[in-house]
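Colleague:
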Amino acid sequence: MSIPKKCIIVDDEPAAHYVLVNYISQNPLLELTHQCYNAIEALNILRSNTIDLMFLDIDMPEISGLELLQTLKNIPRTILTTAYSEFALESYEYGVIDYLLKPIYYPRFVKSIERFLAMDAVEKPETVVGKSISVKVDSVVIELPVNDILYAQSYGNYVKIFTPDKSLLASITTNQLESMLPQDHFVRVHKSYIVAVGKIEQIERDHILLNNEKIPIGITYKRNLSRFI
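Mapping of the sequence shown onto the UniProt record's numbering: position 1 corresponds to residue 1, and the numbering continues sequentially without gaps.
#1: Express the C-alpha separation of Pro4 and Ile24 in angstroms, rounding to a whole number.
#2: Classify Met60 as helix, strand or coil using the three-state DSSP reduction.
#3: Of all the options Val195, Ala42, Ser171, which has the alpha carbon lying nearest to the alpha carbon of Pro182?
#4: Quick one: Cα of Leu32 to Cα of Ile40, how far?
#5: Do you know whose CA, among Val189, Ile149, Thr81, lies nearest Asp57's CA?
#6: Would you mind reading off the limits of the beta strand (DSSP E) that contains Ser170?
#7: Whole angstroms is fine: what's the gap from Ser132's alpha carbon to His190's?
#8: If you pair each beta-carbon of the segment 103 to 118 with each one of the segment 153 to 162, do three or more pairs fall below 8 Å?
#9: Could you give the C-beta distance for Val10 and Cys36, rounded to a whole number, given that I count them as a contact under 8 Å?
#10: From Pro14 to Asn22, what distance separates their C-alpha atoms?
#11: For Leu209, name the three-state secondary structure that DSSP assigns.
#12: Is the separation between the beta-carbon of Ser112 and that of Ile79 shorter than 8 Å?
#13: Quick check on Leu150: does DSSP put it in helix, strand or coil?
#14: Measure the alpha-carbon distance for Phe55 versus Val137 and round it to whole angstroms.
#15: Among Leu43, Leu46, Met60, which has the Cα closest to the Cα of Ala16?
#16: Is the separation between the beta-carbon of Leu150 and that of Leu209 shorter than 8 Å?
#17: Can you tell me whether Val187 is buried or exposed, with buried defined as 16 or more other CB within 10 angstroms of its CB?
#18: Could you tell me the alpha carbon to alpha carbon distance between Tyr193 and Ile45, rounded to whole angstroms?
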């Protein structure tokens with residue numbers, strides 16, 4: 001049985017809490033752990049607790065919802081709840097999952113939660129212990145641990161391989177690199193990109209978030225992701 005995802009509500013309106021508490025209680029995959037009525041309360045909670053999903057109002061006194069997102073170093077997956085549609089475009093710059101306009105109706109809430117659960121269901125493969133690949137960088141063949149690879153991007157007859165602390169321009173094609181990597185840990189998501197499945201932070205409709213980078217998903221490659229969801 002799946003462990004319920006821990007949720008927090010951040011909204012200055014008691015009526016909004018009433019609606020969301022009711023909706024969350026009807027979904028066994030969600031667990032409401034905290035209710036905050038301003039951003040300062042939320043900051044204190046988020047600093048000392050692991051939260052999977054935040055329902056966040058935008059228009060709040062002193063610190064707005066968007067200002068809260070700007071303040072956080074580690075932003076939990078967030079669904080914005082607001083009566084104002086004009087902030088929608090700006091809000092997606094923070095990687096929010098969805099934007100629910102008040103009054104929030106239950107079918108729309110369910111659709112938003114299904115999107116969250118689908119993003120959170122990306123299977124994280126076990127670590128590839130000890131495995132490395134040989135690639136030529138600056139005319140020198142090096143051994144690159146597979147666990148260090150975040151993603152790779154095609155550069156003609158070269159591939160730029162990204163690790164947590166550097167990037168390497170390897171003399172190899174994307175197809176050659178793909179054949180060298182373990183298929184249960186890496187996936188081709190675009191003609192120019194290969195990503196480490198275990199490093200994926202979030203999947204959107206047309207891109208992946210990984211290491212604070214947006215990596216496009218090619219239409220013909222979407223099915224490659226399905227085996228990990």
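C-beta atoms are modelled at their ideal positions from N, C-alpha and C, and glycine is treated no differently.
Modeller: Considering the structure as presented:
#1: 11 Å
#2: coil
#3: Val195
#4: 18 Å
#5: Thr81
#6: As written in the sequence, residue 170 is Ala, which differs from the Ser given in the question. Residues 167 to 170.
#7: 23 Å
#8: no
#9: 5 Å
#10: 12 Å
#11: strand
#12: yes
#13: coil
#14: 46 Å
#15: Met60
#16: no
#17: buried
#18: 37 Å
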